Amino acid sequence: MDNLDHCFYMFQLTTTALASSDKGRGGRAVRRVDLIVTPPNQFPFSLLGWTGSKQFNRSIRDYAWKMLKIKLSNRGMWDHNQVVSSCVLKNRGS
Numbered sequence: 001m002d003n004l005d006h007c008f009y010m011f012q013l014t015t016t017a018l019a020s021s022d023k024g025r026g027g028r029a030v031r032r033v034d035l036i037v038t039p040p041n042q043f044p045f046s047l048l049g050w051t052g053s054k055q056f057n058r059s060i061r062d063y064a065w066k067m068l069k070i071k072l073s074n075r076g077m078w079d080h081n082q083v084v085s086s087c088v089l090k091n092r093g094s
């Protein structure tokens, strides 16, 4: 788990708000919403990490490491070939 601010919220929809396929469940459909707050410079990485499946995240991180020699996480990308690890996006912009 990362250290981003988050809210994991579950709520129950009323019968009038349900789709016709859910109404057969007696109006007790429960939905989960995850709200994640991230700094702007970490947004693309958080979006990738929180919306992809576990298999996709493993594959993309494996690809980044094996092919690009870059460490990818929910917080950023780091080039581990450098002595001091710093964010790749900041280095490429300068």
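Start counting the sequence shown at 1; every next residue gets the next number (UniProt numbering). Think of the CB as a built atom: it goes at the ideal place given N, C-alpha and C, for glycine as much as any other residue. This structure is a prediction, so every number in the text was calculated from the model and none was measured.
Which residues does DSSP pair with residue i in a beta bridge?
| i | result |
| --- | --- |
| F8 | D34 |
| L72 | M77 |
Leaving out five residues on either side along the sequence, give the residues of the same chain with a beta carbon under 8 Å from the beta carbon of residue i.
| i | result |
| --- | --- |
| Y9 | R32, V33, D34, L35 |
| V30 | M10, F11, Q12, L13 |
Looking only at its chain, what residues have a beta carbon closer than 7 Å to the beta carbon of residue i, apart from the 5 residues adjacent to it on each side?
| i | result |
| --- | --- |
| Q42 | R75, G76 |
Skipping 5 residues on each side, what residues in its chain have a beta carbon closer than 6 Å to that of residue i?
| i | result |
| --- | --- |
| C7 | L35 |
Taking a contact to mean a Cβ-Cβ separation below 7 Å, would you say residue i touches residue j in this structure?
| i | j | result |
| --- | --- | --- |
| L4 | T38 | yes |
How is residue i classed by DSSP in three states: helix, strand or coil?
| i | result |
| --- | --- |
| residue 95 | With the chain running from 1 to 94 in the structure shown, residue 95 is simply not present. |
| A64 | helix |
| P39 | coil |
Within the continuous alpha helix (DSSP H) that includes residue i, where are the two ends?
| i | result |
| --- | --- |
| S46 | 43–51 |
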